[in-house]
Each structure stands twice: as structure tokens, then as C-alpha cells.
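Residue numbers (the UniProt record's numbering): 1 to 158. Ideal placement from N, C-alpha and C gives every residue a C-beta, glycine not left out. Taking it in order: structure first as C-alpha cells, then the write-up.
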């Protein structure tokens, strides 16, 4: 059984970015999106800060929080061989009901990939007052170019 990380959300958070479950590299480092070829942080820094991406995880989180963005995963735990979402079994979703009660300013969810969206919809459906955006996965398993991912992701923050 593997477990996701706690949410990085605060009272200012308006946008929540949701992955499905941390991959092996992230679990080893205990940091979101830690795989060196994952485009997540490069996209965030290109849109909101400046490159290069900090190597300090707390600084990365600060960039998100300065822009009223939080991150979490749809699943609290699961069984999975490797890092791919297609291998997830016996999953348990995170407690979004309490998260949204505690942080009522969240009005937008951005799903990092189709699978996170699929698991969320399956467990929670469409939540009133929150808009959903499904973005291409930033994972290196998604072979779409960085430039195309950046262009699509940027539409969520216009």
C-alpha cells in the first residue's frame, strides 16, 4: 500500500491542482512531482515565477501559494506497481468533503491528467460552485512536448 502526501493548501487557496497519486520518484523524495522529467514545476515556474526551477521544495510550494494555488492528490492510498495510474488497485479517495469545508475559497480544480479527473468524478461527481479543468498530464509518460503542455496549461490561468 502506498500513501499520498498531505495537501499544500491554505486559507488563500482558490485553485487546487490534483494529481492521482505520487510516482516512485516523488515517494522516494517525499515531494510532489519530483521526477526530473516531470514538467509540472517547469510549467508553474514558466507561468508564475522565472526559470530555473528551485531545487528547494518549500520554495516551489511558496510559488504556488503566492498565486493562490494548492496541490494534492485525488487518492489517499492505493496499491500500485510502478508509477503509472493504469496499475492502481484498491484505492481510497482523499477527504475532499472536509477539505472544501475548511477551505471554501477553492473555486477551481485543475486535474493533472485524465486519470485524476476520472477518479475524482467517480468518487465525488461535479461539486457545485467549483469549475473543473482537465489538463494533459505533466508526467514523462505523457510524450506531448513541453511547449504544447505549457500552452494548454496556460489557458487555466488566464
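Other residues of its chain near residue i: CB distance less than 8 Å, five sequence neighbours each side excluded
i	result
residue 114	134 and 137
residue 47	150, 153, 154 and 157
residue 107	14, 15, 129, 130 and 131
residue 78	1, 2, 21, 88, 89, 90, 91 and 92
Between the CA atoms of residue j and residue i - distance to the nearest angstrom
i	j	result
residue 147	residue 89	33 Å
residue 128	residue 15	15 Å
residue 26	residue 34	5 Å
residue 142	residue 29	21 Å
residue 49	residue 140	22 Å
residue 73	residue 8	10 Å
residue 125	residue 131	12 Å
residue 144	residue 83	18 Å
residue 70	residue 10	7 Å
residue 40	residue 117	17 Å
residue 38	residue 95	26 Å
residue 6	residue 22	11 Å
residue 100	residue 123	15 Å
residue 86	residue 4	17 Å
residue 66	residue 105	15 Å
residue 112	residue 59	21 Å
Top-ranked residue by Cα proximity to residue i, from the options
i	options	result
residue 12	68, 82, 6 and 50	68
residue 1	65, 80 and 55	80
residue 54	152, 36 and 71	36
residue 19	153, 120 and 145	120
Check whether residue i and residue j have beta carbons under 8 Å apart
i	j	result
residue 76	residue 92	yes
residue 17	residue 110	yes
residue 97	residue 57	no
Beta bridge counterpart(s) of residue i as assigned by DSSP
i	result
residue 17	71 and 110
residue 77	3 and 92
Spatial neighbours of residue i in its chain, beta-carbon cut-off 7 Å, leaving aside the 5 residues before and after
i	result
residue 156	110, 133 and 135
Same chain, Cβ closer than 6 Å to residue i, neighbours up to 5 away in sequence not counted
i	result
residue 61	8
residue 51	45
residue 24	83
residue 64	none
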